[in-house]
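K.L.:
Here the sequence shown is numbered in my numbering, starting from 4 and rising by one per residue. Heads up, the beta-carbon is just placed ideally off N, CA and C, and yes, glycines get one too.
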Amino acid sequence: MSTYLTINLLSISIPFLAGFDRRLKFYRQWKYLFPAMLLTMMLFIPWDVIFTEREIWGFTPKYLSGIDIINLPIEEWLFFIAIPYACVFTYESLKYLVKKDYLQRYVSHINYSLIIVLGVLAVIYHDHAYTFVTFSLTVIFLLMQQFVIRGKYLGRFYFSFLFVLVPFFIVNGILTGSFIEDQVVWYNDAENMGIRMFTIPVEDSVYALLMLMMNVSIYEFLKSKY
4 MSTYLTINLL
14 SISIPFLAGF
24 DRRLKFYRQW
34 KYLFPAMLLT
44 MMLFIPWDVI
54 FTEREIWGFT
64 PKYLSGIDII
74 NLPIEEWLFF
84 IAIPYACVFT
94 YESLKYLVKK
104 DYLQRYVSHI
114 NYSLIIVLGV
124 LAVIYHDHAY
134 TFVTFSLTVI
144 FLLMQQFVIR
154 GKYLGRFYFS
164 FLFVLVPFFI
174 VNGILTGSFI
184 EDQVVWYNDA
194 ENMGIRMFTI
204 PVEDSVYALL
214 MLMMNVSIYE
224 FLKSKY
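1) Please state whether DSSP places Phe82 in a helix, a strand or coil.
2) Trp33: buried (16+ other C-beta within 10 angstroms of its C-beta) or exposed?
3) I'd like to confirm something about Leu121: is its beta-carbon nearer than 8 Å to some heavy atom of the ligand GTP, or not?
4) Going straight from the alpha carbon of Gly154 to that of Ser220, what length do you get?
5) By Cβ distance below 7 Å, which residues in the same chain neighbour Ser96 in space, the five residues on each side in sequence not counted?
6) Can you tell me which of the three DSSP states Val209 falls into?
7) Beta-carbon within less than 6 Å of Tyr156's beta-carbon, same chain only, minus the 5 sequence neighbours each way: which residues are those?
8) Per the contact definition of three or more C-beta pairs closer than 8 Å, is the region 46-57 in contact with the region 12-30?
9) In chain order, what residues of the same chain lie with their CB nearer than 6 Å to the CB of Leu117, ignoring the 5 residues before and after it?
10) Would you kindly check if the distance between the Cβ of Phe138 and the Cβ of Gly122 is under 9 Å?
11) Kindly list the residues whose CB is nearer than 8 Å to the CB of Ser14, restricted to its own chain and excluding five residues on each side of it in sequence; keep chain order.
12) With distance defined between alpha-carbon atoms, name the residue in Ile183, Val136, Ala39 and Tyr94 nearest to Trp50.
13) Under the assumption that Val188 contacts Leu178 (Cβ atoms under 8 Å), give the Cβ distance between them as a whole number of angstroms.
14) Enumerate in chain order the residues of its own chain whose CB-to-CB distance from Tyr66 is below 7 Å, with the five nearest sequence positions on each side excluded.
15) Do you know whose CA, among Tyr190, His129 and Gln148, lies nearest Glu56's CA?
16) What's the C-alpha gap between Tyr128 and Ile59?
17) Would you tell me roughly how many angstroms separate the C-alpha atoms of Lys228 and Phe19, rounded to the nearest one?
18) Pick helix, strand or coil for Leu178, following the three-state DSSP scheme.
19) Where Val52 and Leu215 are concerned, what is the direct C-alpha to C-alpha distance, given to the nearest angstrom?
20) Give the straight-line distance between the Cα atoms of Gly61 and Gly176, rounded to the nearest whole angstrom.
21) Using beta-carbon positions only, say whether Phe83 and Gly22 come within less than 9 Å of one another.
22) Ignoring anything shorter than 4 residues, give me the alpha helix (DSSP H) runs that lie fully in the region 90-143, in order along the chain.
23) By the 10 Å Cβ neighbour count, where 16 or more other Cβ atoms means buried, how is Ser16 classified, buried or exposed?
24) Taking the Cβ atom as the reference point for each residue, do Tyr133 and Phe54 lie within a distance shorter than 9 Å?
And the structure:
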């Protein structure tokens, strides 16, 4: 089994099994979660394919199974299932365990702060593809959240994201070369800010924020409609 596939399976295994707990019954939310993951992948997979073809990032073959779909390792496709599944499970678990929405009153402040900081950095690093695209898309989605979607779930999302950062540093750390000989996923530092959190490009944290916020937003929209 490839290293990348093992990481995916370990990431989803406990949330998947815990989802059958009789108190949370997370499996009942699959009818909302899987369409949300599929719709989010419709943005992230083409983005991934283009950036891989342009060598903005890439994958080290020795850590892969060798099976590709549209020039992406199958492990990368599974990443967009395993990680969102685990994170939405965490989001729902925290909603169940922590009844108070501690961050709801601060949502606008968080949104505006992120919009300003990421917007400024996108302008400064407009010639760095990973930075510019990731920060710009996140700013656009945050503007949509603030003025169009106005999701009541954002306080809980931001709260859960703080907890998600712990496994994020572990999983992304391994993928980018922590604790192993080489990198599962490598990055062309000419296309990002060149700032690393241990071995992780700063942009990865914003990429994760956007991906997970999109998953939760679509998931919550579907729950409210069906």
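P.N.:
Judging by the given coordinates:
1) Along the sequence shown, one-based indexing puts residue 82 at 79. In the structure shown, Phe82 sits in a helix (DSSP, three-state: H, G or I).
2) Locating residue 33 in the sequence shown gives position 30, where the first residue counts as 1. In this structure Trp33 is exposed. Its beta-carbon is surrounded by fewer than 16 other beta-carbon atoms within 10 angstroms.
3) For the ligand GTP, the structure offers nothing, since it holds no ligand at all.
4) The sequence position of residue 154 within the sequence shown is 151, counting from 1. The sequence position of residue 220 within the sequence shown is 217, counting from 1. Spanning the two alpha carbons is a distance of roughly 7 Å.
5) Here residue 96 corresponds to residue number 93 of the sequence shown, with the count starting at 1. Sequence-distant Cβ neighbours of Ser96 in its own chain, meaning closer than 7 Å and more than five residues away, are Leu27.
6) Position 206 of the sequence shown, counted from the start, is the residue given in the question as residue 209. DSSP places Val209 in helix when its eight states are reduced to three.
7) Indexing the sequence shown from 1 puts residue 156 at position 153. Non-local C-beta neighbours of Tyr156 in its own chain, meaning closer than 6 Å and more than five positions away in sequence, comprise Glu223, ordered along the chain.
8) In this structure the region 12-30 does not touch the region 46-57; the number of beta carbon pairs closer than 8 Å is below three.
9) Here residue 117 is taken as the residue at index 114 of the sequence shown, counted from 1. So the list reads Leu145, once near-sequence residues are dropped.
10) Locating residue 122 in the sequence shown gives position 119, where the first residue counts as 1. Locating residue 138 in the sequence shown gives position 135, where the first residue counts as 1. In this structure, Phe138 lies closer than 9 Å to Gly122 by Cβ.
11) Residue numbering aside, residue 14 sits at position 11 when the sequence shown is read from its first letter. Within its own chain, the residues whose Cβ lies closer than 8 Å to the Cβ of Ser14, once the five positions on either side in sequence are excluded, are Ala85, Ile86, Ala89, Pro170 and Val174, listed in chain order.
12) Position 47 of the sequence shown, counted from the start, is the residue given in the question as residue 50. It is Val136 whose Cα lies nearest to the Cα of Trp50.
13) The residue you call residue 188 lines up with position 185 of the sequence shown. The residue you call residue 178 lines up with position 175 of the sequence shown. Rounded, the Cβ-Cβ distance is 5 Å, consistent with contact.
14) As a first step, residue 66 is located in the sequence shown; it is residue number 63 there, counting from the start. The residues are Ser5, Thr6, Tyr7 and Val187.
15) Counting from one through the sequence shown, the residue named residue 56 turns up at place 53. When only C-alpha atoms are compared, the closest one is Tyr190.
16) Here the question's residue 128 lines up with position 125 in the sequence shown. Here the question's residue 59 lines up with position 56 in the sequence shown. C-alpha separation (whole angstroms): 15 Å.
17) The count along the sequence shown starts at 1 and reaches residue 228 at position 225. The count along the sequence shown starts at 1 and reaches residue 19 at position 16. Taking the straight line from one Cα to the other gives about 25 Å.
18) If you number the sequence shown from 1, residue 178 lands on position 175. Of the three classes helix, strand and coil, the one that applies to Leu178 here is helix, per DSSP.
19) As a first step, residue 52 must be located in the sequence shown, where it is residue number 49. As a first step, residue 215 must be located in the sequence shown, where it is residue number 212. Computed Cα separation, rounded: 19 Å.
20) Taking the first residue of the sequence shown as 1, we reach residue 61 at position 58. Taking the first residue of the sequence shown as 1, we reach residue 176 at position 173. C-alpha separation (whole angstroms): 16 Å.
21) The residue labelled residue 83 in the question sits at position 80 within the sequence shown. The residue labelled residue 22 in the question sits at position 19 within the sequence shown. Cβ distance not < 9 Å, so Phe83 and Gly22 don't count as in contact.
22) 110-127
23) Residue 16 sits at position 13 when you count from the first residue of the sequence shown. Answer is exposed; the Cβ neighbour count stays below 16.
24) Sequence index remark: in the sequence shown, residue 133 carries index 130 (1-based). Sequence index remark: in the sequence shown, residue 54 carries index 51 (1-based). Closer than 9 Å, so yes.
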